[in-house]
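Using the numbering used here, you'd call the opening residue of the sequence shown number 44 and step up by one each time. All C-beta atoms, glycine included, are put in the ideal place defined by N, C-alpha and C. Structure first, then comments.
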Amino acid sequence: MTLDKVVGSAGEAVADIASGASLAVGGFGLCGIPMVLIDALLARGVDELSVVSNNCGVDDWGLGVLLAARRIRKMTSSYVGENKEFERQYLSGELELELTPQGTLAEKLRAGGSGIAAFFTQTGVGTQVAEGGLPRLYGADGSIAVASPAKPVQTFSFGGRDRDFVLEEAITTDFALVHALRGDRHGNLVFDKSARNFSPLAAMAGRICIAQVEHLVEPGDLDPDAVHLPGVFVDRIVVVGPDVEKRVERRTVREEA
């Protein structure tokens, strides 16, 4: 058995992702997204995908390209702006959405990767997050076809007083797709500043994690203290090079004085 996890191409890396699969995808907005792997998945033609990611890219980049091609059946996200096609599909009943608070989404992924089935949090107590009724899927006539269920709420003595907490279940997926700055052949990854975002958590939650990396180094070249994600969580590495295209979701600049 070899510990070398490098595969020859993005197409080879995603070749066993089938229609109906569930995916955890790293990135925040367009920062740190695994675009080469997303494009390879688009080329495969699979559909009915259930995707967990902070958001769904924009109309022509990121996960938005899968959405535009009608490949995604359900999104589990914390933010759904910046994408008009997402809005259209959701409101017309073509797309299911499980809207989740951002910190809760991060912890659901981390818990799934850590073997923790569920956890209690105060986030969402007293709202539809806990009480249920959030529209997950609309009917063609605009009615709510599927609503979020109520979740168990329990009172704990915490911080010197009794407080209510809602039970949130962990997330695990069939596959995870992430982008890293550097990786070695054993799968140890280093992310670039804010491009780390959800990626380590998404990688942990996927039963099979596929990482695209800009720079491939040999085992031992990475300082162990600098590794953001241990190779035990990574199954395949694809080298995409430092010139991989990166886009800015919304460019905001200040006029020169």
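Each residue's CA atom was taken as its position, placing Ile-81 and Ser-200 some 45 Å apart.
The three-state secondary structure of Leu-46, taken from DSSP, is coil.
If you look at Gly-54, you'll find it in the alpha helix (DSSP H) that goes 53-56. Pro-192 and Asp-217 have their alpha carbons spaced roughly 24 Å apart.
Gly-72 has its alpha-carbon roughly 22 Å from the corresponding atom of Asp-90.
Contact annotation, Gln-255 with Val-283: C-beta distance approximately 5 Å; criterion of less than 8 Å satisfied. DSSP, read as helix, strand or coil, puts Gln-255 in strand.
In the DSSP secondary-structure assignment, Ile-280 is bridged to Val-49, Ala-254. Going by C-alpha positions, Glu-125 is about 10 Å away from Gly-107. Per DSSP, Pro-178 is one residue of the beta strand (DSSP E) stretching across 178-181.
Rounded to whole angstroms, Ile-187 and Glu-130 show a C-alpha spacing of 15 Å. Rounded to whole angstroms, the gap between the alpha carbons of Ala-269 and Ala-149 is 21 Å.
Residue burial annotation: Leu-210 is exposed, with fewer than 16 other C-beta atoms found within 10 angstroms of its C-beta. Boundaries of the beta strand (DSSP E) harbouring Ile-187: 187-190, taken from the DSSP string. Contact check for Leu-66 against Val-95 passes: the beta carbons are separated by less than 8 Å. In the three-state reduction of the DSSP assignment, Arg-239 falls in the helix class, which pools H, G and I. For the segment 146-177, the continuous beta strand (DSSP E) assignments of 3+ residues that do not extend past its boundaries occur at 161-164, in sequence order. Taken in chain order, the complete alpha helix (DSSP H) segments of 4 residues or longer contained in the segment 71-138 are 78-87, 107-111, 127-134. Counting C-beta pairs closer than 8 Å gives three or more between the segment 237-255 and the segment 141-158, which meets the contact rule. Judged by beta-carbon spacing, Ile-280 lies within the 8 Å limit of Val-49, meaning their Cβ atoms are closer than that value. By the Cβ-count criterion, Arg-179 is buried, with 16 or more other Cβ atoms from all chains shown falling within 10 Å of its own Cβ. For Asp-264, the secondary structure class from DSSP, reduced to helix, strand or coil, is coil.
Nearest Cα to Gly-158 within the set Leu-110, Leu-177, Ala-213: Ala-213. Assigned with DSSP and collapsed to three states, Val-270 falls in coil, not helix or strand. Going by beta carbons, Ser-120 and Cys-99 fall inside the 8 Å limit. Gln-132 is classed as buried because its beta carbon has at least 16 other beta carbons within 10 Å across all chains shown.
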